[in-house]
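**Q**
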Amino acid sequence: MALKSTVFKAELQVSDLDRHYYATHALTLARHPSETDERMMARLLAFALFAGERLEFGRGLSAEDEPALWQKDLTGAIELWIEVGLPDERVVRRACGKAERVVVVCYGGRGADLWWGQSRDKLERLRNLTVMNLPAAASQALAALARRSMSLQCTIQDGQAWLTDGTDTVHIETMPLQSIA
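What follows is the structure, given as structure tokens:
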């Protein structure tokens, strides 16, 4: 018998001073049985960093043809494709062909460094790709905030983010590995 996803509910208040975006989102995250709290919270952070009216979670690990998050325009064209983790470079290249803009939020400390070292030459050619590294300490601190029911506030200013549950606060400063020119 297959294991079922665990459902997490999050009320996420986003105050993005860089983009002048302020909204509260009621989110439902389905955590695949093979997904860790660290990856799920990295997906939630990616949502906060790129929050918008049409941004939504993909089907996740169970669907290879969908990203962790994506945003489509009113015609169904993919404006933004966000992968979380250490995706295969073929998946990233395929995403760059389908979407106007692609973002990879990698995490995992040394593993992320090794992934970027192996993928860099092939991915640097992609002009619509941004790659950002989430430091290991930050991704682990985010994992500690995971609860089945969460109320979180995220403030973004000058490229830095602060995510709090009212008790604990995590400071996140992603390291850009590649940016859109």
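Going by my numbering, the first residue of the sequence shown is number 348, and it counts up by one from there.
Beta carbons are placed, not taken as given, at the ideal position from N, Cα and C, and that holds for glycine.
#1: Return the bridge partner residues of alanine 357 from the DSSP annotation.
#2: Unbroken beta strand (DSSP E) runs of length 3 or more, entirely within the segment 474-528: which are they?
#3: In whole angstroms, what separates the C-alpha of arginine 441 from that of leucine 476?
#4: Is it the case that the Cβ atoms of alanine 393 and valine 431 are separated by a distance below 8 Å?
#5: My understanding is that alanine 389 touches tyrosine 368, with C-beta atoms under 8 Å, so please give their C-beta distance in whole angstroms.
#6: State the start and end residues of the unbroken alpha helix (DSSP H) segment that holds leucine 396.
#7: Using DSSP with H/G/I as helix, E/B as strand and the rest coil, what is serine 362?
#8: Here's the rule: buried if 16 or more other CB atoms are within 10 angstroms of the residue's CB, otherwise exposed. What is leucine 510?
#9: I'd like to know if the segment 461-475 and the segment 351-366 are in contact, where contact means that at least 3 CB-CB pairs between them fall below 8 Å.
#10: What number of angstroms, rounded off, separates the C-alpha of tryptophan 428 from the C-alpha of leucine 359?
#11: Opposite cysteine 453 in the DSSP bridges: which residues?
#12: Look up arginine 401 in the DSSP assignment and say whether it is helix, strand or coil.
#13: The beta strand (DSSP E) spanning glutamate 471 covers which residue range?
#14: Give me, in chain order, the residues of the same chain whose beta-carbon lies closer than 6 Å to that of phenylalanine 404; leave out the 5 immediate sequence neighbours on both sides.
#15: Under three-state DSSP, which class holds glutamate 436?
#16: Identify the residues that DSSP records as bridge partners of lysine 419: which are they?
#17: Under the three-state reduction of DSSP, which class applies to arginine 534: helix, strand or coil?
**A** Short version:
#1: Per DSSP, the beta bridge partners of alanine 357 are Leu374 and Met497.
#2: If we require 3 residues or more, the beta strand (DSSP E) runs fully inside the segment 474-528 come out as 476-481, 496-504, 507-511, 516-519 and 522-525.
#3: Between arginine 441 and leucine 476, the C-alpha separation is close to 11 Å.
#4: Closer than 8 Å, so yes.
#5: Alanine 389 to tyrosine 368, Cβ: 20 Å. No contact.
#6: Residues 384-396.
#7: Correct three-state label for serine 362: strand.
#8: With 16 or more other Cβ atoms within 10 Å, it is buried.
#9: Contact fails: fewer than three Cβ-Cβ distances are below 8 Å.
#10: Those two C-alpha atoms are separated by around 20 Å.
#11: BP columns for cysteine 453 point to Asn480.
#12: DSSP places arginine 401 in coil when its eight states are reduced to three.
#13: That residue, glutamate 471, is in no beta strand (DSSP E); it is neither H nor E in DSSP.
#14: Once the five neighbours on either side are set aside, the close Cβ partners of phenylalanine 404 are Leu416.
#15: Helix, per DSSP.
#16: Ile425, per the DSSP bridge assignment.
#17: Here the chain covers residues 348 to 528 and nothing more, so residue 534 does not appear.
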